[in-house]
RNA sequence: GCCGCCAUCGUCUAGUCCGGUCUAGGACGCCAGGUUUUCAUCCUGGUAACAGGGGUUCGAAUCCCCUUGGCGGUACCA
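In the working numbering, the protein residues as written are 3 to 490.
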C-alpha cells in the first residue's frame with residue numbers, strides 16, 4: 003500500500019460495446035472492497051484502441067454502474083483529483099513514460115513491418131516454438147534509431163524483457179504464481195499511432211492514480227510479469243493484485259453472447275432487481291461464512307473478503323438468480339414494488355385501472371413473481387378486455403376431470419351464483435371466504451368441487467390466484483358478469 | 001504447440017493455506033410430504049459430490065508428484 007493514502011481500486015473497462023455482466027461482476031468486487039476499507043472506487047475508461055471504440059458505449063457503462071448501485075467515487079463523469087479519467091486523454095503521459103523506458107534500456111523502438119512479424123510468427127509456429135518477437139530491433143544502434151525516428155519512420159516501442167530468470171507474483175486470490183522470462187514476449191507498449199497499449203497505459207495510470215489494489219479478471223494473469231517488470235523499471239512499488247476467476251457459460255467457456263443475454267443492462271430490462279443481481283453476483287466466487295446467502299449490500303460490504311474468493315470459474319446460472327429475484331420481490335415494501343413494476347406493465351392496460359386496483363392486483367400476484375416483467379401475464383386475469391377475448395377461445399373440455407364432467411362443473415358454478423345472490427356482506431376476500439366456505443359445507447359439497455370451476459370461470463386459467471382474492475379484485479358486478487357469461 | 005490458472009453434489013459453494021471434530025455442511029434445482037380451492041408462497045424430509053493414480057502419514061477432500069479434463073493467455077485488443 004502507498005504511503006499517505008488508503009485503499010484505492012479501479013474499474014477499467016473499454017468502451018467497446020454493451021457492458022458485460024462479467025465486467026459488472028468485477029466492478030462489484032472492486033466496489034465491495036473499496037467500501038469495506040473506506041477506500042475509493044475509481045472508474046477509468048481504457049479507450050486507447052481507437053479502432054474498437056463504439057459511440058455511446060461510455061454512457062452505457064455509466065448507466066450500468068448506476069443501475070447496479072456501483073457509482074464510482076471518481077471517474078469521467080464526476081471527476082476527481084487524478085483527472086482525466088479517460089485514458090486517451092493521458093496519451094502525453096504515456097508517451098513520456100515510454101520514452102523514459104527507452105532511455106533506460108527497458109524498452110526499444112521497433113521498425114519491423116507487419117509482414118516480417120507475420121513471417122516470423124509462422125516460422126516459429128511451424129517449428130513448434132512459442133511465437134515471440136525475436137528482439138531484432140533491439141540491436142539497432144542508438145544513433146540509427148534516433149535518425150529513423152526523427153525521419154518519421156513507422157515505429158512502435160516494445161518492452162525489453164530479460165531473456166532469463168523468473169518472476170514470482172503474489173496474488174491475493176491465487177497466492178504464489180511463478181513466470182519465466184524466457185516464455186515472455188516483448189510486447190508493444192506504444193503503438194505506431196502514438197497510443198499506448200494496455201500494458202503501458204494500465205501500469206502508468208495505476209501508479210499515477212495511486213491505485214493500491216488491482217482487482218481484475220483472470221485473463222490478465224499472464225500479463226502480470228510484464229506489469230511487474232514495468233513498475234520496477236520505473237522504480238515504483240507495484241499495487242497488490244487479485245485475479246478474479248472467469249464467469250462461465252453453461253458449457254464452461256468464458257461467458258459470452260452465445261450463452262444468452264450477457265449485457266449488464268439486459269437484466270434490468272428483463273425485470274431483475276439490482277439488489278438481487280448484486281446479491282447473486284456476490285455469491286459467485288464468494289460465500290458468507292455463516293451460509294446466509296440472502297444479504298443486503300451493507301452486509302455484503304461488511305463480510306466480503308477478497309482473499310476468500312474462490313479461484314475457480316463459476317457458471318452463471320439463471321435458476322438461482324430467478325429464485326433470489328423472487329425473494330427480493332416478496333420482501334419489498336409494497337408501495338416500492340408498485341412503483342418499480344410500473345415500467346414493465348402494459349401501458350394501455352395500466353391506463354384502464356386505478357392506483358388502488360394496481361396495488362391490490364400486485365399484492366395478489368406477488369408471491370408468484372420471479373421477474374418484474376411477468377406482471378402483465380400474472381395480472382391479465384384482472385382485465386375485462388383480456389377475459390372477453392380469451393373467453394371466446396376457451397375450451398370447456400378442460401373443465402372435465404377424472405371426478406367430474408364439464409357439465410357438473412358448470413352446475414357447481416350455477417349453484418355458486420345462486421349463493422352469491424344471497425350474499426349481502428361487504429364484498430371482500432375475507433368475508434366472501436368465510437361465508438362461502440360455510441355455505442359449501444352446509445350444502446354438503448367439497449370446497450374444490452365448487453371453487454375450482456368458479457376460479458376457472460373467473461380467470462380462464464387452470465392456475466391462478468385465490469378465488470376470493472380474485473373476486474374482491476374484480477368486484478361484485480364483474481364477478482357475476484363473468485360467471486354468467488361463462489356459462490352461456 | 002508453448003506458458004499459466006483451475007478441479008468438492010446438475011449448478012453456486014463451505015471445508016483445503018494451519019491434515020483427525022467430514023459416515024463432507026449450506027443454498028438453488030429436482031423429488032416426496034404438510035398447509036390448501038388450483039398455482040405460487042410457506043413448512044418438513046429426501047436426492048446428489050471430494051476427477052483418476054501414486055506417494056507422505058497412525059490418519060488426506062485437505063500436503064507432494066503424475067495423469068486426465070476444463071479454461072485463459074500466446075495481437076500495433078483490452
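Glycine included, C-beta positions come from ideal geometry on N, C-alpha and C. Quick caveat: nothing in here was measured; it's all calculated off a predicted structure.
query, result
"Separation of residue 419 from residue 453, as counted between CA atoms", "11 Å"
"Rounded Cβ spacing between residue 346 and residue 211 (contact assumed at less than 8 Å)", "Actually they do not touch by this definition, with Cβ atoms about 40 Å apart."
"Range covered by the beta strand (DSSP E) that runs through residue 215", "215–219"
"Residue 287 vs residue 327 beta-carbon contact at 8 Å", "no"
"Range of the contiguous beta strand (DSSP E) that encloses residue 12", "10–13"
"Distance between residue 271 and residue 481 (C-alpha atoms, nearest Å)", "34 Å"
"Option in 384, 249, 268 with minimal Cα separation from residue 476", "384"
"Ordered list of alpha helix (DSSP H) runs contained in the region 270–312, each at least 4 residues", "276–284, 299–305"
"Sequence ranges, beta strand (DSSP E) only - wholly within the region 373–461, length at least 3", "none"
"Per-residue burial, residue 6 [other beta carbons within 10 Å of its own, 16 or more giving buried]", "Low confidence applies to residue 6: its pLDDT is 49, below 50, so where it sits in the model is not reliable, and the reading given next is rough at best. Burial call: exposed."
"Whole-angstrom C-beta distance between residue 66 and residue 46, which should lie under 8 Å", "Incorrect: roughly 15 Å between the Cβ atoms, too far for contact."
"DSSP-derived helix/strand/coil call for residue 176", "coil"
"Straight-line gap, residue 176 to residue 245 (C-alpha atoms, nearest Å)", "7 Å"
"Segments of 4+ residues assigned as alpha helix (DSSP H) that fall wholly inside the region 245–271", "268–271"
"Cα-Cα separation between residue 402 and residue 485, rounded to whole angstroms", "17 Å"
"Uninterrupted alpha helix (DSSP H) stretches inside the region 90–165 (no shorter than 4 residues)", "93–106, 116–128, 144–152"
"Whole-angstrom distance between residue 147 and residue 195, CA atom to CA atom", "18 Å"
"DSSP-derived helix/strand/coil call for residue 487", "helix"
"Whole-angstrom distance between residue 219 and residue 200, CA atom to CA atom", "14 Å"
"Helix, strand or coil at residue 34 according to DSSP, with G and I counted as helix", "helix"
"Per-residue burial, residue 133 [other beta carbons within 10 Å of its own, 16 or more giving buried]", "exposed"
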